[in-house]
Amino acid sequence: EGVQPQEYMIIKMELVSPFPDKFKALEGKKVFLAAATLRPETMYGQTNAWVLPDGKYGAFEITETEVFVLTHRAALNLAYQNHSRVPQEPTCLLELTGHDLIGLLLRSPLALTEVIFVLPMLSILMNKGTGVVTSVPSDAPDDYMALKHLKKKPEFRAKYGVKDEWVMPFDIVPIIEVPEFGNKCAETVCLQMKIESPNERVKLADAKDITYLKGFSQGIIIVGEFKGRKVQEAKPLIRRKLLETGQAIVYSE
Ligand code: A2H
1 EGVQPQEYMI IKMELVSPFP DKFKALEGKK VFLAAATLRP ETMYGQTNAW VLPDGKYGAF
61 EITETEVFVL THRAALNLAY QNHSRVPQEP TCLLELTGHD LIGLLLRSPL ALTEVIFVLP
121 MLSILMNKGT GVVTSVPSDA PDDYMALKHL KKKPEFRAKY GVKDEWVMPF DIVPIIEVPE
181 FGNKCAETVC LQMKIESPNE RVKLADAKDI TYLKGFSQGI IIVGEFKGRK VQEAKPLIRR
241 KLLETGQAIV YSE
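238 is the number that this note's numbering gives to position 238 of the sequence shown; each next residue is one higher, with no gaps.
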């Protein structure tokens, strides 16, 4: 745990209607999986969402009409940051586990892929962010390795009830060009470092640092409204746009 507060953006990944049975009670409301990210400028490249299968989540009333799916811990923090229907008091409408979320269909802000699925990731920490992560395999080594693992291992998909069509059609979406690293920076770094599985946590932490540093300091956005701009310039513009359009909120912990 850091001593400095960390400021995330929560990206509102909207559950596509009609809702599955487990979520029928929420029909009529806008339901979002609330993904915490440090890199809003990468949202064009989202290919799926990640949850921890055995993690405990809840569906919480954020406003009269909006519901967020996230951890109880994050819901409490949000309630103290002015994001709860009842001030300073989370209201949980539905208790959930990651298993209930796997396979949900989402529409996510800025994503070039129109609809994406919720998939299992075993390295998710339930005491960080919201417990929901959006996946950008072009620029996040963790996301790249987890998606690659799911694609390569039918037995892993079977164990978590993941259908092939939730995974196989989805591939890396190039969004940032980095000199010498190309437009699939996470893949380049993972290959260079010979990372073989999502369980190589020490190597992946280094890969994350390198990718983050390179992408931020030298990256150029190659898609969307800010195409041609440096990541450094585009990041605050994309952040502001997401906030102004109500597609994201700020969250700190
Ligand atoms: B980032 P920090 Cl493209 N468990 O978003 C595991 N990982 C989590 C998490 C949790 N509970 N909550 C958030 N994260 C991920 C995008 C991204 C991220 C890119 C590149 C790097 C990157 C797309 N995934 O993170 O420990 C989220 O993934 C590398 C730093 O608070 C979030 O930002 O520094 C990041 O980790 C927050 O990690």
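Cβ atoms here follow ideal geometry from the backbone N, Cα and C, with glycine treated the same way.
None of these values were measured; they are calculated from a predicted model.
As assigned by DSSP and simplified to three states, the class of residue i
i	result
N77	helix
Y258	Residue 258 is absent from the model: the chain starts at 1 and stops at 253.
T65	coil
P120	strand
A186	helix
K152	helix
I238	helix
V231	helix
Y57	strand
N-terminal and C-terminal residue of the beta strand (DSSP E) that residue i is part of
i	result
A207	Segment 201-218 is the alpha helix (DSSP H) holding A207; no beta strand (DSSP E) there.
V133	133-135
T97	92-97
R107	105-107
S265	The question about residue 265 has no answer here: the residues shown for the chain are numbered 1 through 253.
Sub-9 Å separation of residue i and residue j beta-carbons
i	j	result
W50	D143	yes
G215	I172	no
E41	A234	yes
Y286	E66	Residue 286 is absent from the model: the chain starts at 1 and stops at 253.
V86	A79	yes
P174	I116	no
L33	L106	yes
Residue interval of the alpha helix (DSSP H) (run including residue i)
i	result
M9	Careful: M9 lies outside any alpha helix (DSSP H), inside the beta strand (DSSP E) at 7-15.
A36	Careful: A36 lies outside any alpha helix (DSSP H), inside the beta strand (DSSP E) at 30-37.
F23	Looking at the DSSP string, F23 is not in any alpha helix (DSSP H), and its letter there is neither H nor E.
Cutoff 9 Å: residue i Cβ touching any chain C Cβ
i	result
C92	Absent here is chain C; the protein component of the structure consists of one chain.
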